[in-house]
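Here's the structure, in structure tokens; my notes come after.
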Amino acid sequence: MKCQEGVWRMVAVAILFLTVSFLSACGGDTNDGNEGELSATSVVLPGTATPVFDWSSLRATPPSVLDGVPAATPDANQVTTADQRRHAQPNELGVIPILQYHLFTTDPSAEDYLTRPIDDFRADLQWLYDHDFHVISMSDRVRDEISAPAGKHPVVLSFDDSGASQFRMIEQPDGSLVIDPNSAVGAMELFFSTHPDFGRGAFFAILNFNCFANPTEPDQWQYCDRKVQWLADNGYEIGNHTIDHQDLLDISDEEFQRQLGEAWAWIEQNVPEAGQLPSVIAMPYGNYPDGDLHQAQRDMLRDGFMHQGEWRVMEGSLMVGSEPAPSPSSATWDKVWIPRIQAFDDELARWLPMFENGGVILYTSDGNPDTVMIPDPLPTWLDGTLDPDLIAASGKTLVQYDPGTGEPTGGTADAPTGWHRRSTTLIS
9 MKCQEGVWRM
19 VAVAILFLTV
29 SFLSACGGDT
39 NDGNEGELSA
49 TSVVLPGTAT
59 PVFDWSSLRA
69 TPPSVLDGVP
79 AATPDANQVT
89 TADQRRHAQP
99 NELGVIPILQ
109 YHLFTTDPSA
119 EDYLTRPIDD
129 FRADLQWLYD
139 HDFHVISMSD
149 RVRDEISAPA
159 GKHPVVLSFD
169 DSGASQFRMI
179 EQPDGSLVID
189 PNSAVGAMEL
199 FFSTHPDFGR
209 GAFFAILNFN
219 CFANPTEPDQ
229 WQYCDRKVQW
239 LADNGYEIGN
249 HTIDHQDLLD
259 ISDEEFQRQL
269 GEAWAWIEQN
279 VPEAGQLPSV
289 IAMPYGNYPD
299 GDLHQAQRDM
309 LRDGFMHQGE
319 WRVMEGSLMV
329 GSEPAPSPSS
339 ATWDKVWIPR
349 IQAFDDELAR
359 WLPMFENGGV
369 ILYTSDGNPD
379 TVMIPDPLPT
389 WLDGTLDPDL
399 IAASGKTLVQ
409 YDPGTGEPTG
419 GTADAPTGWH
429 RRSTTLIS
């Protein structure tokens, strides 16, 4: 096993190094008449000019396609016949895991609830791939624009605090830069490149004072702007984690607005538009405003708030733990309370077997983001999740089918308006 892991690491290093070295050797862009590639001392900080280098060429995988969804012939990944429904068994009211990561290490003995050994992270990706999961973006998740292929289970990868082990650059002797294969981004890029049917992307809840650096790795700070540029160009998203990593349990309304609003503004000013997702926040320490003392702040998470003349509306608030999240088409979905699964051994040992043996019912895609396809009848585990009015209001078409034959059923199509409202009391 150790030998195999060593070979894996060497392959990762070789592929990443050779890819970037080859691209760098092709020459850089010009700026003000000066030719050459990016030097190791070039620094991109807010407000400075872009260095003379096409940073988008620094990639470990082929160019990603729009929204991270592989190009396909029309309906190639969609369920359209009874046989396909019977085989794929779509159920778009099942749960969707959002995995939460913080730190990474090459030392297997250093694993704890915040620190994942990088080889274990690679194993997480492999397990997900082997069990028919498909990586989707956080924006598609919260906006209910899921386009995973038919029969696949969507999963979202999320990373809090933006430490160096999530995205590290290594300077080569010739001054060129490569992505560290033992950082999370390096591991993902290699896996995505060798498993192009797995989807791609991840959500990074950024702290601008970290920006993929650490006090122990201050040299990584100089790459901040170039890292967020590269992430945005390659299908990743940068989200909100407050401007100061502030515990939001008990602060003033003004400070609450500042914490979320300044982080939002920093993302808009420093991250290319394709990678901006400041409307989704990972709650620092998992703490929400106290419900007795600061109900107005909880209302801001749901309804919006004003900051420096701009009205900001949050699309999602991510919890710390502790279970897979409801489908965005479910009557139990609540954008203010989006659960995640902390990705460390004890938690994964609890959830992965249930994903595998049906202990929980996963969202299984029909491949069509414009429909909500479910079996009829629904499993009792999903009681209280179906609200046809809610689905219709979202602009989607509800499709119900017999899981034994795959044939469509009448289901609730002729039910009176309002026959089934949300049965779960939402936490405000």
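Going by my numbering, the sequence shown opens with residue 9, and the numbers climb by one from there. Here a beta-carbon is modelled for each residue, glycine too, at the ideal position from N, C-alpha and C.
query                                                                                                                                                                          : result
Using a Cβ-Cβ cutoff of less than 6 Å, which residues in the same chain neighbour ASP168 once the five nearest sequence positions on both sides are dropped?                   : HIS110, ALA213 and ALA290
Thinking C-alpha only, which one of MET322, VAL164 and ILE154 is nearest ASN248?                                                                                               : MET322
Less than 8 Å between the CB atoms is what I'm expecting for SER402 and ILE154, so what's the real figure, rounded?                                                            : Not really, about 12 Å apart at Cβ, beyond 8 Å.
I need the boundaries of the alpha helix (DSSP H) containing ASN278, first residue and last residue.                                                                           : 261–278
Assuming SER335 and GLY102 make a contact with CB atoms under 8 Å, what is their CB distance in whole Å?                                                                       : 6 Å
Kindly give me the distance between the Cβ atoms of ARG124 and PHE112, rounded to whole angstroms, as I take these residues to be in contact under 8 Å.                        : 6 Å
Taking 8 Å as the cut-off, does the region 167–183 touch the region 295–309 (at least 3 CB pairs, one atom from each stretch)?                                                 : no
How big is the Cα-Cα spacing for GLY414 and PHE264?                                                                                                                            : 50 Å
Residues in the same chain with beta-carbon distance under 6 Å from PRO78, minus the five sequence neighbours each way, listed in chain order, please.                         : Unreliable positioning characterises PRO78 in this predicted model, as indicated by a pLDDT of 40, which lies under 50. A coordinate reading is not provided.
Would you kindly work out how many angstroms separate the C-alpha atoms of LYS160 and HIS142, rounded to a whole number?                                                       : 6 Å
With a CB to CB cut of under 6 Å and the five nearest residues on each side skipped, what residues in its chain are close to LEU239?                                           : GLY283
Rounded to the nearest angstrom, what separates GLU6 and ALA210 at their Cα positions?                                                                                         : This structure gives no information on residue 6, because the portion of the chain shown stretches from 9 to 436.
Following the continuous beta strand (DSSP E) through ILE187, name the residue where it begins and the one where it ends.                                                      : 185–187
Provide the residue span of the beta strand (DSSP E) that contains LEU285, from first to last.                                                                                 : 284–290
On a Cα-Cα basis, can you pick out the residue from SER325, THR224 and GLN408 that is closest to MET381?                                                                       : GLN408
Please state whether the Cβ-Cβ distance between GLN97 and PRO411 is less than 9 Å.                                                                                             : yes
Pop quiz: LEU107 and VAL150 are said to be a contact at Cβ under 8 Å. What is the actual Cβ separation, rounded to whole angstroms?                                            : Rounded, the Cβ-Cβ distance is 16 Å, inconsistent with contact.
What's the gap between the Cα of GLN316 and the Cα of ASP120?                                                                                                                  : 40 Å
Is it right to say GLU197 is buried, meaning 16 or more other beta carbons lie within 10 angstroms of its own, or is it exposed?                                               : buried
I think GLU225 touches ALA172, with their Cβ atoms under 8 Å apart; what is that distance to the nearest whole Å?                                                              : 4 Å
Please look up how many angstroms separate the CB atoms of ASP132 and PRO116, rounded, as I've assumed it's under 8 Å.                                                         : Going by Cβ atoms, the distance from ASP132 to PRO116 rounds to 14 Å, so no, they are not a contact pair.
Using only the alpha-carbon positions, how far apart do THR379 and GLY419 sit?                                                                                                 : 15 Å
Which one of GLN134, ASP391 and GLN267 has the shortest CA to CA distance from ASP205?                                                                                         : GLN134
Who are the near neighbours of THR81 in its chain, counting only those whose CB is closer than 7 Å to its CB and skipping five residues on each side?                          : Interpretation of THR81 is limited by its pLDDT of 38, a score under 50 that renders its predicted location unreliable; the figure taken from the coordinates is listed afterwards. Nothing meets the Cβ criterion.
Where GLU262 and ASP384 are concerned, what is the direct C-alpha to C-alpha distance, given to the nearest angstrom?                                                          : 49 Å
Is the CB-CB distance between PRO223 and GLY375 below 9 Å?                                                                                                                     : no
Counting only runs that start and end within the region 165–204, where is the alpha helix (DSSP H) found for 4 or more residues in a row?                                      : 192–202
Output the distance between the C-alpha atoms of PRO347 and SER201, rounded to the nearest integer angstrom.                                                                   : 29 Å
Grab me the residues of THR417's own chain with a C-beta within less than 8 Å of its C-beta, minus the 5 sequence neighbours each way, in chain order.                         : ASP384, GLN408, TYR409 and ASP410
Of the choices LEU268, ILE246, TYR244 and GLU245, whose alpha-carbon is the least far from that of ASP255?                                                                     : LEU268
I need the straight-line Cα distance from ASN242 to ASN295, nearest angstrom please.                                                                                           : 31 Å
What is the C-beta distance between SER325 and TRP341, in whole angstroms, given that I count them as a contact (C-beta under 8 Å)?                                            : About 13 Å separates the two Cβ atoms, so there is no contact after all.
If you measure between the beta carbons of GLY329 and GLU355, is that distance less than 9 Å?                                                                                  : yes
What residues match up with HIS110 in a beta bridge as DSSP calls it?                                                                                                          : Bridge partners of HIS110: none, in fact.
Give me, in chain order, the residues of the same chain whose beta-carbon lies closer than 7 Å to that of ASP140; leave out the 5 immediate sequence neighbours on both sides. : GLY159, LYS160 and HIS161
So is ASN365 buried or exposed if we call it buried at 16+ other beta carbons inside 10 Å?                                                                                     : exposed
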